[in-house]
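Here our numbering = 1-based position in the sequence shown + 4. Every residue, glycine too, gets a C-beta built ideally from N, C-alpha and C.
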Amino acid sequence: MKRMKRIMLMFLVKLLLGAVIFVILSRFTYPEKTVFNEGTISAFIGFSIYMTGETIWKYYKRQLKKL
5 MKRMKRIMLM FLVKLLLGAV IFVILSRFTY PEKTVFNEGT ISAFIGFSIY MTGETIWKYY
65 KRQLKKL
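Structure below.
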């Protein structure tokens, strides 16, 4: 149970970090437009999917090493 909480916490931190990065990049790229436009949201969703896959892959590799 502790491992699952730790993995979920890492996942949440990665998602928040991704959201902050994309908001900052969006603000620098188009300062006159709103922060959350369609491009930013789709980029954030793509980044979230990538980070989720990366987290699951690392956890899977770690489990294989333990066996």
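| query | For phenylalanine 51, which residues from the same chain have a beta carbon less than 6 Å from its beta carbon, with the 5 sequence-adjacent residues on both sides left out? | reply | In the sequence shown, residue 51 corresponds to position 47, counting from 1. Once the five neighbours on either side are set aside, the close Cβ partners of phenylalanine 51 are Gly22.
| said: Going by C-alpha to C-alpha distance, which of Lys6, Leu20 and Lys70 sits closest to methionine 55? | reply: Along the sequence shown, read from residue 1 onward, the residue named residue 55 stands at position 51. Of the candidates Lys6, Leu20 and Lys70, the one whose C-alpha sits nearest the C-alpha of methionine 55 is Leu20.
| When we look at the beta-carbon of phenylalanine 26 and count the other beta-carbons within 10 Å, is it buried (16 or more) or exposed? | For the purposes of this step, residue 26 is identified with residue 22 of the sequence shown, where counting begins at 1. Buried.
| task | Return the chain-ordered list of same chain residues with a C-beta closer than 7 Å to the C-beta of phenylalanine 48, the five sequence neighbours on each side being excluded. | result | Locating residue 48 in the sequence shown gives position 44, counting from the first residue. Contacts found: Gly22, Ala23 and Phe26.
| query | So which of Tyr64, Phe15, Gly57 and Ile28 has the shortest CA-CA distance to isoleucine 45? | reply | Counting from 1 along the sequence shown, the entry for residue 45 is found at position 41. Minimum Cα distance to isoleucine 45 is reached at Ile28.
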